[in-house]
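In my numbering, the protein residues as written are 360 to 574.
As structure tokens, then:
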């Protein structure tokens, strides 16, 4: 009987504790976060930079143009062969025998999906912004973000197929951490839609360069 009583006490305590939600601000005032940043037009201007950064990457960090994509996005051209004398990795795509454990494959996946996340964050923060910002600047930033999301997904589809997860928003609930595979055609529809939106929102280069600072 004593064992049963202790077990019931443990269960009741677990229920009570799990139902308690502390009434406190969980944002660290000493650090920046997506909830405390993007409050001014100047900060909003910086929203798209991470999406550009993921596209490039450098010094072997992740899989953008500065590293993995340099090899894999030129496949299967005749000008690519294992005469690239690095560490032997480039022999795999030349012979269509790339193992799933190959580092650049993992880096490319992570890098371009980080770019998708960065673009999604920018799109949401720009759309939700209620501060003062000119319509032309807001449209340009949105156009950049939509274009970059489409570009990251274009590379992901080229490298990993069109049924990879489709993630068109930041995490809103627990289920968003575990996206399922997309149906064939879904991601290409998103890419086309993003590029169309970008073409409507972005200024002409002649208009942009009218301000010499933009060059």
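For glycine and all other residues, C-beta sits at the position ideal for the given N, C-alpha and C.
{"Check": "Residue 486, buried or exposed, once every other Cβ within 10 Å from all chains shown has been counted against 16", "Outcome": "exposed"}
{"Check": "Proximity to residue 302 [Cα-Cα], best of 459, 475, 462", "Outcome": "Residue 302 is absent from the structure shown; the chain starts at 360 and stops at 574."}
{"Check": "Validate contact between the segment 546–561 and the segment 503–522 using beta carbons, cut 8 Å, 3 pairs", "Outcome": "yes"}
{"Check": "Same chain only: Cβ atoms within 7 Å of residue 512, ignoring 5 sequence neighbours per side", "Outcome": "475, 546, 549, 550"}
{"Check": "7 Å CB neighbourhood of residue 444 in its chain, flanking five on each side removed", "Outcome": "For residue 444, the pLDDT reaches just 48, beneath the cut-off of 50, and the residue's location in the model is therefore unreliable, although a value from the coordinates is still provided. If we look at residue 444 and ignore the five residues flanking it on each side, it has no Cβ neighbours."}
{"Check": "Cβ neighbours of residue 491 in the same chain (closer than 7 Å, five flanking residues each side left out)", "Outcome": "400"}
{"Check": "DSSP three-state assignment for residue 573, whether helix, strand or coil", "Outcome": "helix"}
{"Check": "Beta-bridge partners of residue 524, as assigned by DSSP", "Outcome": "540"}
{"Check": "Pick from 543, 528, 542 that is closest to residue 536, judged by C-alpha positions", "Outcome": "528"}
{"Check": "Endpoints, the alpha helix (DSSP H) within which residue 495 is located", "Outcome": "494–519"}
{"Check": "Neighbourhood of residue 478 by C-beta distance below 8 Å, restricted to the same chain and skipping five residues each side", "Outcome": "407, 410, 504, 505, 507, 508, 511"}
{"Check": "Straight-line Cα distance separating residue 552 from residue 521", "Outcome": "16 Å"}
{"Check": "Best match in 416, 397, 562 for proximity to residue 489 [C-alpha to C-alpha]", "Outcome": "397"}
{"Check": "For residue 409, three-class secondary structure by DSSP", "Outcome": "helix"}
{"Check": "Where the alpha helix (DSSP H) containing residue 479 begins and where it ends", "Outcome": "462–487"}
{"Check": "Element boundaries [alpha helix (DSSP H), containing residue 549]", "Outcome": "545–560"}
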